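Heads up: the sequence lines are chains A and B, in that order. First residue of the first sequence: 107, per my numbering; consecutive thereafter. First residue of the second sequence: 66, per my numbering; consecutive thereafter. Notes for the one structure printed next.
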Amino acid sequence: METVTEETQTKAAISNPSVLEINALESEAIYIFREVVAQFENPVLLFSGGKDSITLVRLAQKAFFPAKIPFPLMHIDTGHNFPETIAFRDKLVKELGVELIVRNVQDSINEGKVVEETGKYASRNMLQTTTLLDAIEEFKFDACIGGARRDEEKARAKERIFSVRDDFGQWDEKNQRPELFDLLNGEIELGQNVRVFPISNWTELDVWSYIEKERIEIPSIYFAHQRNIFVRDGLIWSADDEVVFRAEDELVEEKTVRFRTVGDMSCTAAVLSTADTIEKVVSEIRESKISERGARIDDKRSEAAMEKRKQQGYF
Amino acid sequence: MEVLKIATAGSVDDGKSTLIGRLLYDTKSLTDDKVEAIRKSSEQRGYDYLDFSFATDGLVAEREQGITIDVAHIYFSTLNKSYIIADTPGHVEYTRNMVTGASTSQVAIILIDARKGVIEQTYRHFFINNLLRVKDIIVAVNKMDLVEYSEEVFNEIKSDFEALNAVSTYAEQQLTYIPVSALKGDNIVDKTDAMPWYKGDTILGHLEQLEVSDVQDGGQTRFAVQTVIRPKTEEYHDFRGFAGKIKGGKLTVGDKITVLPSLTQSKVKEIYFFDKTYQEAAAGSSVVITLEDEINITRGDMLVKSDELPKIEKQIEATVCWMDNKQLQPGAKYLIQHNTNKVLSKIDGVKHVISTQYGSHQDANNKLALNEIGSVSIKLSKPIFYDSYQDNKANGSFILIDPQTNATAGVGFIH
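Written out as structure tokens, the structure is:
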């Protein structure tokens, strides 16, 4: 008799499979998005066109369905983006029907607020901070949602989920609010803003696995393709884009490469790879011996490069 | 993949960073460039070994002083599980960081130096994990290589710790004792031949077989409304959904529910997760609920099963860990954030300080200073719907926010 009961139970479970399966990280991120909308008046999602911010957009969709994403996306455009990223951004925004705000680093340069770096390692990555802070002030944003993760970098490992910035956009790393349980304290003064990181607890592999599972579309440069490149300091640089400085003695060759992170072209190096599908990318990341930010020249400037940038108001 | 959250507690010299480094290194979680960076930093400082604290101490001030100031989060994974370690400093002046790390962790690793045995700090580490009801405790007796891998030393420490545990009020807490040498890699990831008398698991082996459950999953079903979803589109014209995360138990379509504070009753009509509906969702799920009846519900309200009502009171007693430089004093006003509810409150009195050294009660002269823990009675401007922390972690805890500075000034565990 007992066996029969067991069998009946199993059948009942199969005919009624509609028990929600939980993905703890996804559930946490959705919870955070909802806290932002409930606790702040004027949030914005900082969208770079990279895989982390694309993942954020999917999570935001899930958090508010069947309503639309209740805040705009904002792109701080360095002017040195991969063209594929920009095309992808515009397509995504159209599909979602959300507002896109673009503010350009070039405008900050033209207005004399920042000075373009020169030389071999010139990058507009640092210059973004000024444009970002100006935009926050212009639109009076009180919460800026970003795709930073704690596993990326050791200063980021200390970052809160709700990270308070003062009037000058500065991060006071020694005086952060403790975050207990999932209680997020969004109380701020006028002029302050909070940077919010819903995927703080995700690793690079978590993000890629999620993109695979959810079948999320991402820009083509994340997959293996033929590209003219040159090698400097052991890193692979795109040779077709004039914003990347190349000395005459740095030889150009064609290789099969892909980008593991997509930032400003002038500071994002490629990796040799034949991974041309999401499944192959996931297994490549799983096997990887080099960390994600190993191909970001902006972090190689010093041991404390990220901490310094964050103090100044960087993402 | 399942995510297991771990907190580590230990003082600078217990080898906490070395242990974490070992876990990362032996599970091959450190990439070549990170190992290279650690090697370079270690060499610069004239060490002839790899100092793994460089992997975890992320702030300039921490590296300068060679100490961990703040909670760092460290990530690694096996084929079986993802792990998040909240690495917290162990000294008394960092009690608040320890409490913070323990609040989200299912497991705590308490480190003991085999040469020193159970010391004052051990009492505090255990007391905090006991107070916060961290389910699984690993007592890692480290530096076994320096006591000749002696079973006797290990057993002595074990029985000293058991004596601490004898006065514990949390009977279900699981204690596991593991003799290790983080420096040599004994019993961290790989079993060692050096201690044939020890038959148990390695630290990783033990973590791998633990069943993962969200720290807030226990107790009866509580659904605090975060925000109301009203799409106002043609397709979902009359849709009114209540977004929140299920804490404790589960919700099923058809469940009879009561809305607090209005005490209105209704039934669960649909459970949405993104664009699909489900019959049932368990604790830990961020969902959207619709109800059979049109009821006025806003953020801060709570849905519970009608036969599982929580307590509804304007006066609470709680154990509070103080986290602010400005002392907690009777008469002071704070904003209480309890689930999605924010209520103004007034401190009635501080009954006693609980000494984290011995777990005993001391005189308080009615104040709590930074890093002190005390029993506090609080008057609220309107009732909250709560459980005791013992019965439901999520619905039995709150933070106190200083309305002048907006700082998170303390955390409370309701009696």
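We put the CB at the ideal spot given by N, CA and C, even for glycine. These numbers come from a predicted model, not from an experiment.
Exercise. Count the other CB atoms within 10 Å of the CB of N122/A; is the residue buried (16 or more) or exposed (fewer)?
Worked result: Confidence at N122/A is low in this model, with a pLDDT of 48, below 50, so its placement is unreliable and no value can be given for it.
Exercise. Taking all protein chains shown into account, do 16 or more other C-beta atoms lie within 10 angstroms of the C-beta of Q109/B, making it buried, or fewer, making it exposed?
Worked result: exposed
For this session: Using only alpha-carbon positions, find the residue among H156/B, D178/B and V369/B that is nearest to A247/B.
Result: D178/B
Exercise. Should V183/B and D225/B be called a contact, given that it needs their Cβ atoms to be closer than 8 Å?
Worked result: yes
For this session: Kindly indicate which residue of T384/B, T355/B, K447/B and T267/B has the alpha-carbon position closest to the one of E378/B.
Result: K447/B
Exercise. Say the cut is 7 Å; is the CB of A72/B nearer than that to a heavy atom of the ligand MN?
Worked result: By its list of ligands, the structure shown contains no ligand whatsoever, and the ligand MN lies outside what it can speak to.
Problem set entry | Any 3 or more C-beta pairs closer than 8 Å across the segment 386 to 400 of chain B and the segment 436 to 444 of chain B | yes
Problem set entry | Any chain A beta carbon closer than 8 Å to Y481/B | No information on residue 481/B is available, as it lies outside the stretch 66 to 480 that chain B covers here.
Exercise. Which class does V277/B belong to by DSSP, given the choice of helix, strand or coil?
Worked result: coil
Problem set entry | Contact set for E112/A: own chain, Cβ-Cβ below 8 Å, skip 5 residues either direction | In this prediction, E112/A scores a pLDDT of 44, lower than 50, which makes its location untrustworthy; the coordinate-derived value is nonetheless stated afterwards. Nothing listed; no residue qualifies.
For this session: Could I get the ranges of all uninterrupted alpha helix (DSSP H) runs contained in the segment 285 to 325 of chain A, with 4 residues as the minimum, in chain order?
Result: 310 to 320
Exercise. Can you find a CB in chain A that lies within less than 8 Å of the CB of N471/B?
Worked result: yes
Problem set entry | P244/B - partner residues in DSSP beta bridges | V206/B
Exercise. Does DSSP put G414/B in a helix, in a strand, or in coil?
Worked result: strand
Exercise. Which value, in whole angstroms, describes the spacing of the CA atoms of M388/B and T473/B?
Worked result: 7 Å
For this session: With DSSP collapsed to three states, give me the class of Q455/B.
Result: coil
Problem set entry | Secondary structure of M260/B, DSSP reduced to three states | coil
For this session: Would you kindly report the start and end of the unbroken alpha helix (DSSP H) that includes I160/A?
Result: K157 to F170
Exercise. Per the contact definition of three or more C-beta pairs closer than 8 Å, is the segment 312 to 328 of chain A in contact with the segment 383 to 400 of chain A?
Worked result: yes
Exercise. What does a CB cutoff of less than 6 Å around S351/B pick up in its chain, not counting 5 residues either side in sequence?
Worked result: K310
For this session: May I ask which residues mark the beginning and end of the alpha helix (DSSP H) holding G166/B?
Result: T160 to S168
Problem set entry | Simplified DSSP state of G218/A, which is helix, strand or coil | coil
For this session: Report back the beta-carbon spacing between Y61/B and N207/B to the nearest angstrom; my notes put them in contact at under 8 Å.
Result: Lying outside 66 to 480, the shown extent of chain B, residue 61/B is not represented and no answer is given.
Problem set entry | I136/A: contacting residues in chain B (beta-carbon distance under 7 Å) | S351
Problem set entry | Chain-order list of residues whose beta-carbon lies under 6 Å from that of E67/B (same chain, five-residue window excluded) | K146 and V277
Exercise. Which residues of chain B have a Cβ atom closer than 7 Å to the Cβ of V208/A, listed in chain order?
Worked result: Near V208/A there are no residues of chain B at all, since even the closest Cβ is about 26 Å away, more than 7 Å.
Exercise. What does A249/A reach in chain B if we use C-beta pairs closer than 9 Å?
Worked result: Correct list: empty, because the minimum Cβ distance to chain B is about 14 Å.
Exercise. Just the Cα atoms here: how many angstroms apart are E373/B and D366/B?
Worked result: 16 Å
Problem set entry | Pick from Y337/B, G306/B, K200/B and T153/B that is closest to A137/B, judged by C-alpha positions | T153/B
Problem set entry | Neighbouring residues, chain B, relative to R256/A (Cβ below 8 Å) | H138 and Y140
Exercise. Can you round the beta-carbon distance between E323/A and R338/A to whole angstroms, since I take them to be within the 8 Å contact cut?
Worked result: Their Cβ separation, rounded to whole angstroms, is 32 Å, which puts E323/A and R338/A out of contact at 8 Å.
For this session: State the DSSP-derived secondary structure class of K312/B, mapped to helix, strand or coil.
Result: strand
Exercise. Given that a residue counts as buried once 16 or more other Cβ atoms are within 10 Å of its Cβ, and exposed if not, what is L409/B?
Worked result: exposed
Exercise. Any residues in the segment 278 to 299 of chain A with a beta carbon nearer than 8 Å to a beta carbon of chain B? Which ones, in chain order?
Worked result: E279, K280, Q282, R283, P284, E285, L286, F287, D288, L289, N291, E293, I294 and E295
Problem set entry | alpha helix (DSSP H) segment containing G365/B, residue limits | Where G365/B is concerned, there is no enclosing alpha helix (DSSP H), given that its DSSP letter is neither H nor E.
Exercise. Under 8 Å, do A166/A and T292/B count as touching if we go by C-beta distance?
Worked result: no
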